[in-house]
Amino acid sequence: MSGFSNQQLVLTAIGDDRTGIVAQLTELVSECSCNIIDSRIAILGNEFSIIMLLSGDMSAISRIEHTIPVKSMEMGLLTMMKRTSNRTGSEFCAGYTLEYKGLDSVGALSKVAAFLAEDNIDICSLKSDTYEQDGQLYMCSMLEINVPVDSALDSFKLKFENLCTDFKLESILRRIR
1238 MSGFSNQQLV
1248 LTAIGDDRTG
1258 IVAQLTELVS
1268 ECSCNIIDSR
1278 IAILGNEFSI
1288 IMLLSGDMSA
1298 ISRIEHTIPV
1308 KSMEMGLLTM
1318 MKRTSNRTGS
1328 EFCAGYTLEY
1338 KGLDSVGALS
1348 KVAAFLAEDN
1358 IDICSLKSDT
1368 YEQDGQLYMC
1378 SMLEINVPVD
1388 SALDSFKLKF
1398 ENLCTDFKLE
1408 SILRRIR
C-alpha cells in the first residue's frame, strides 16, 4: 500500500459525560470512512474523555479533519487532532504490567515515572486511581511498560522493589509479551 492509502490520525475529545456520546463519535468516524485502530476512554470527575487512533485513505482522514470541529461543538466536546504514522519497530525485549498500591503519597507516580525513564523504559499505558478505605486514602496504579533489549532486568527489578519499599507500596511485575 502506498503512503496515501493508509493515513492515520489521533483524535482526542473531552466533554460532559453522558449516555450515547461513544455511539455519536463512532458513528461520525464511520460516516467519514475511517477505521478505529485503537482507543481509550476514561471518565475523570464528570468529564468524558476519549483518544482514538483512526486510519483511512487520504480522503477519509481529510473528511474527518474537516467534519470534527463543527460536529464536536454540536456535541459539546473539545477536540484535538494530529496526523501520525505507523509506529516503527523498536528494540524492546519484553512487555510487562507493573502494578503498585499503598497509602496515597504525593509524588509517588512522579517518582515511578522518573525511575522508569532513567532506565529507558517506555510507559505504554497508565491507569492511576485513588480510593478511600478505613478512613484513609489509598492509591493504585497499573502501567504497561516496554523493557529495552539491553536492560539489566534483574537489576531493574531490585531497584524497583527498593523504590516501593521507600514509599511503602506493594507491587507486582508481570510479563505480558
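Each residue of the sequence shown is one higher than the one before, starting from 1238 at the first, in the working numbering.
Positions of the beta carbon are idealized from the N, C-alpha and C atoms, including for glycine.
Range covered by the beta strand (DSSP E) that runs through residue i
i	result
residue 1253	1244-1253
residue 1256	No beta strand (DSSP E) contains residue 1256, which DSSP labels as neither H nor E.
residue 1322	Where residue 1322 is concerned, there is no enclosing beta strand (DSSP E), given that its DSSP letter is neither H nor E.
Exposure of residue i, with buried meaning 16 or more beta-carbon neighbours within 10 Å
i	result
residue 1250	buried
residue 1240	Low confidence applies here, because residue 1240 scores a pLDDT of 46, under 50, leaving its location unreliable; read the following figure in that light. It is exposed - the Cβ of residue 1240 has fewer than 16 other Cβ atoms within 10 Å.
residue 1413	exposed
residue 1370	exposed
residue 1349	buried
residue 1293	buried
Assigned secondary structure, residue i (DSSP; H/G/I helix, E/B strand, else coil)
i	result
residue 1281	strand
residue 1399	helix
residue 1386	coil
residue 1268	helix
residue 1346	helix
residue 1336	strand
residue 1240	With a pLDDT of only 46 at residue 1240, under the threshold of 50, the placement of this residue in the model should not be trusted; the figure read from the coordinates follows. Residue state, collapsed to three classes: coil.
residue 1391	helix
residue 1328	coil
Residue i versus the options, residue with shortest Cα-Cα distance
i	options	result
residue 1310	1258, 1298, 1358 and 1281	1258
residue 1387	1294, 1263 and 1356	1356
residue 1312	1275, 1256 and 1298	1256
residue 1264	1280, 1305 and 1244	1305
residue 1373	1342, 1352, 1335 and 1282	1342
residue 1324	1266, 1408, 1274 and 1268	1274
Element boundaries [alpha helix (DSSP H), containing residue i]
i	result
residue 1308	1295-1312
Residues that DSSP places opposite residue i in a beta bridge
i	result
residue 1404	The partner list for residue 1404 (beta bridge, DSSP) is empty, contrary to what the question assumes.
residue 1286	1251 and 1279
residue 1291	1246 and 1273
residue 1366	1377
residue 1412	1333
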